[in-house]
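First the structure, in the form of C-alpha cells, and then the observations on it.
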Amino acid sequence: MIELTTEVATYFPYAEVRPFQGEFIEVILEAVKNGRSALIEGSNGLGKTIAALSACLPKAEENDLKILYVARTHRQHDRVIEELKAVSRKLRVSGVSIRGRHEMCLNSFVTRYASDARSVMEACEMLKARDRCPYYRSIEEREEEYSDLRHRIALFPCKASEIQKICRRKGFCPYELVKASLADVRVIALSYLYVFDPEIRNVFLKSLDTPMQNIILIVDEAHNLPETAVEIASSHLSLFTLGQAKIEAEKFRYKDIAGFADIVRNEVERATEKIGKETLVSPEFLLELVHEKAGVDEPQKFFQHLNAVGYLIKRTLLADGKYPRSYIHAMGEFLSRWVETTGDESYVNVISKYTSRKGLPTAKLEIVALDPSKITAPVFSSVHSSILMSGTLQPLEAYAQITKLPEDTVKRVVPSPFPKEHILPLVSCGVTTAMEKRTPEMYGKIVSRIEEVVQNTPANTGIFAASFEVLQALCSSGLEKALKKPFLHERRGMSSRENESMVADFKAYASRGGAVFLGVQGGRSSEGVDYPGDEMNSVVIVGVPYAEPTPKVKAQISYFEKCFPELGREYGYVIPAMKKASQAAGRAIRTLEDRAAMIFLDHRFSTIYCQRFLPLWIRDNLKVLPDKDGVIAEELAVFFRNGS
1268 MIELTTEVAT
1278 YFPYAEVRPF
1288 QGEFIEVILE
1298 AVKNGRSALI
1308 EGSNGLGKTI
1318 AALSACLPKA
1328 EENDLKILYV
1338 ARTHRQHDRV
1348 IEELKAVSRK
1358 LRVSGVSIRG
1368 RHEMCLNSFV
1378 TRYASDARSV
1388 MEACEMLKAR
1398 DRCPYYRSIE
1408 EREEEYSDLR
1418 HRIALFPCKA
1428 SEIQKICRRK
1438 GFCPYELVKA
1448 SLADVRVIAL
1458 SYLYVFDPEI
1468 RNVFLKSLDT
1478 PMQNIILIVD
1488 EAHNLPETAV
1498 EIASSHLSLF
1508 TLGQAKIEAE
1518 KFRYKDIAGF
1528 ADIVRNEVER
1538 ATEKIGKETL
1548 VSPEFLLELV
1558 HEKAGVDEPQ
1568 KFFQHLNAVG
1578 YLIKRTLLAD
1588 GKYPRSYIHA
1598 MGEFLSRWVE
1608 TTGDESYVNV
1618 ISKYTSRKGL
1628 PTAKLEIVAL
1638 DPSKITAPVF
1648 SSVHSSILMS
1658 GTLQPLEAYA
1668 QITKLPEDTV
1678 KRVVPSPFPK
1688 EHILPLVSCG
1698 VTTAMEKRTP
1708 EMYGKIVSRI
1718 EEVVQNTPAN
1728 TGIFAASFEV
1738 LQALCSSGLE
1748 KALKKPFLHE
1758 RRGMSSRENE
1768 SMVADFKAYA
1778 SRGGAVFLGV
1788 QGGRSSEGVD
1798 YPGDEMNSVV
1808 IVGVPYAEPT
1818 PKVKAQISYF
1828 EKCFPELGRE
1838 YGYVIPAMKK
1848 ASQAAGRAIR
1858 TLEDRAAMIF
1868 LDHRFSTIYC
1878 QRFLPLWIRD
1888 NLKVLPDKDG
1898 VIAEELAVFF
1908 RNGS
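The numbering of the sequence shown is the numbering used here, which starts it at 1268 and goes up by one.
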C-alpha cells in the first residue's frame, strides 16, 4: 500500500487509506504538479472523490488555483461538499456546490414558466435589468447584511441546498449569493454545462474571476462526457415550435414571419410523410426551402431579423408582466445555427419523427453533432490540469482520442479494491437479444434464466434490458407471472419523479424478502442510482445494448471511421454499448462490504471481442456457464451461502 505524502495527508481526513486509493491519489498528484491531465479508471468503493480532492488541494492552495469538480447529479455535488466538510475538521478549506438557476431560483414567475437553462437565464437577466425581482432587489437594499452573508459562506464548505434555505429565510437570491462567493472559494462542485457549454461558460467565468489556466478541472463519471458534449453541440427545431412561432408572429403582426413559419412547418411535415423514423437531409434542403418556397433571398440576414424580433417580443412580454418566451427567437437561433454548421462534416442534418409528451406523433429538424472534441478540446487545452475519472473508461486510448485530451495525458487503470469473493460475474451461454434471434422461444428461455436468478437471490434483483423493446418483450413473455416476488418495471415516458418513487419502493423491499426491478441499460435507474447491500444482491444484464442502426448512428460511425481509420464501428457503436452494460452491472457494488452477483444473459459477453471492453474487475473474474438449466442456480446458491 502506498503511503500518503505529507502534503496530501494534510488534506486527507480519514484514518485509513483504502486499498489502491493511494495509487489513485499519486497519479493525480503527479499530473497536477506537472500541469498535465490524467485519465483514470477506478471502480466504485475506491473513494475517488476524496482521493481527487486531497491530491489537487495542495497545488491549488500553493498556487491559488480553483478546483472545479464537475458531475452530473446533485447527489454527487453534495458528496464533494460532504468530503470538504470532513477535510475542514482538520484545517480550513472553502467550497460551494452550485446548481442551475432553475433549481436555485425562488422567484415563482421564473420557476413556473421556465423550460430549460437558457430560457431561465434570459428571463432572470431581463427581470434583473428591469428591477422586477424582489430577491435580487433585496441585495441592494440590504447590502451590508448580504455582504456579511457572502463572506461567511466563503469561509466553510456549503451545499447549494443549504444556501437556498438561508436565502429563503432572509429573502436574498441564492443564485446571486453563490455567484458572488465564487471568487473567494477554493472548490466549486457544479454540472458539466457550466464548464463545457460555451455560452454558459462565458457567463460563469465572469463570476469566477479566474482565467482558465488557473483552473484544475475534475470530471467525475467522465464516461458520460462524450455524449454530453455531443448534446451540447446539437440542436433541434420542432413542428410545435414552428406552429407557435406562426401564432406569435400573427399576434404581434409580423405577417412575413408568420408566413415563413407556416411554409417551413408544412414542408417539414410533407418531408416526414416519405420517411421512416428518421432520415438525413442535406443542408441545402432548408436553404432551398427558405429561398424558393419562402422567397427569402438572404437567409442569414433574415434569420438575424428573426432573432431581433424575438428579443423585442421577449422585452415586450416582460414589460406586461408575462414570461419572456419567444418561439420566433428559438426559430431564428436554430436557423442561424443551421447556416453556421453548413459545410462542416462534423455535423449532419436530420428530419426525425417522435412521440410528443401528449403521446401524439410529431417531427423535428435536427442539427446533430458528431464530434465531442469540438466541445471538450478547447477546455482541456486551456485549464491547468484536467482529471477525468470513472469506473468505465476503457479503452483509455479510444476515450483520449474521441475527446482530444492533450498528448501528454497520464492514462491509468487502478486495480479494484473489492475482494474477489465479494463478486460473482457470470455469462450464460445459449441466450441472446441479437435481432435475428429475437423469437418467442428465445424470450421464454431468457425468462427461465431470470427466474433461476430471482429464486436463488436472498433479497432484491435488478434486471436491465438492452432496450425498451427487449423490456416490453420480456413482460409480454410472462416474466412477472414467472416470478414469486413483487415486480416493478420502467415505462416509456416516466417522469423523473415517478421513476424515483418506483426505485424507492423497490429499495424498501430489501428488508421485506426482496423484489424484482426491470429497467433499461443506459436509463436513469441503471446509471444514476446506487443499490448497496440487499437493495440489489443480483443484477441481470439482458443483452448487449447496441444502438438501433439509425441514419444518425451510421453517420457517427462513418465520421469516426474518417477520423480513426478501421475504428469507426468500435468507437461509435461498440464502446458506447459496452459502457452502458458495465455501468448497469456495477450498480450493485458500491462499497467494499457489498456482495453481488452479475449475470450477463447474452452469449456475446463470453467473446474475447466484447470482454476487452468490460472493466478489469469484471473481466478478470468472469465465469462462462454452459447452456444448461440449473447452472446459474448452483453458482448463486454457493455464492450467497458463503457470504451468509
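Note that beta-carbon positions come from the ideal geometry of N, C-alpha and C, so glycine has one too.
- prompt: Buried or exposed: D1415, going by 16 or more other Cβ atoms within 10 Å of its Cβ?
  reply: exposed
Checklist entry - Expressed to the nearest angstrom, what Euclidean distance is found between the alpha-carbon atoms of Y1776 and N1727? => result 7 Å
If you draw a straight line from the alpha carbon of A1298 to that of A1456, how long is it in whole angstroms? 21 Å
**Asked** With contact counted as at least three CB pairs below 8 Å, one residue from each stretch, are the stretch 1657 to 1667 and the stretch 1834 to 1848 in contact?
**Response** yes
Worksheet item: Which term fits K1890, buried or exposed, when burial requires 16 or more other beta carbons within 10 angstroms of its beta carbon?
Response: exposed
query = Is DSSP giving L1492 helix, strand or coil here?
reply = helix
Just checking, does the stretch 1686 to 1706 make contact with the stretch 1781 to 1788 on the three C-beta pairs under 8 Å criterion?
no
For this session: Express the C-alpha separation of R1342 and V1426 in angstroms, rounding to a whole number.
Result: Correcting the residue identity first, residue 1426 is Lys in this sequence and not Val. So the alpha carbons of these two residues sit roughly 10 Å apart.
**Asked** Can you name the residues that DSSP bridges to L1484?
**Response** L1335, S1653
- N1301, DSSP secondary structure in three states: coil
If we count the other Cβ atoms within 10 Å of its Cβ and call it buried at 16 or more, is M1803 buried or exposed?
-> buried
Notebook entry, point to check: Under the rule that 16 or more other beta-carbon atoms within 10 Å means buried, what is Q1480, buried or exposed?
Noted result: exposed
Within 8 Å, do at least three Cβ pairs link the stretch 1637 to 1648 to the stretch 1284 to 1292? no
query = So what's N1616 in DSSP terms, helix, strand or just coil?
reply = strand
* Roughly how many whole angstroms lie between the Cα atoms of R1836 and V1462? -> 29 Å
What number of angstroms, rounded off, separates the C-alpha of Q1571 from the C-alpha of G1599?
7 Å
First and last residue of the alpha helix (DSSP H) that includes K1631?
From DSSP, K1631 is part of no alpha helix (DSSP H) but of the beta strand (DSSP E) over 1628 to 1636.
- Along the chain, where does the alpha helix (DSSP H) that runs through T1670 open and close? 1663 to 1670
Taking E1860 as the reference, which of T1272, L1313, A1822, T1273 has the closest Cα? L1313
Margin query: For A1597 and T1508, which I take to be in contact (beta-carbon distance under 8 Å), what is that distance rounded to the nearest angstrom?
Written below: 6 Å
Element boundaries [alpha helix (DSSP H), containing L1859]: Segment: none, L1859 is in no alpha helix (DSSP H) and carries neither H nor E.
inquiry  = Let me confirm a value: H1418 is counted as buried when at least 16 other C-beta atoms fall within 10 Å, else exposed. Which label applies?
reply    = exposed
Within a Cβ cutoff of 6 Å, which residues of the same chain sit near K1352, ignoring the five residues on either side of it in sequence?
P1424
Discussion item. Please state the DSSP three-state secondary structure of S1956.
Written reply: No answer is possible for residue 1956: it lies beyond the span of the chain, which begins at 1268 and ends at 1911.
What is the DSSP secondary structure of A1561, reduced to helix, strand or coil?
coil
In the DSSP output, which residue or residues are listed as bridge partners for E1308?
S1657, V1680
Problem set entry | Beta-carbon gap between E1308 and V1681 smaller than 8 Å | yes
Relative to the C-alpha of E1794, which candidate in F1831, A1338, L1741 has its C-alpha closest? A1338
Just the C-alpha distance for R1937 and S1448, rounded to the nearest angstrom, thanks. Because the chain spans 1268 through 1911 in this model, residue 1937 falls outside it and cannot be assessed.
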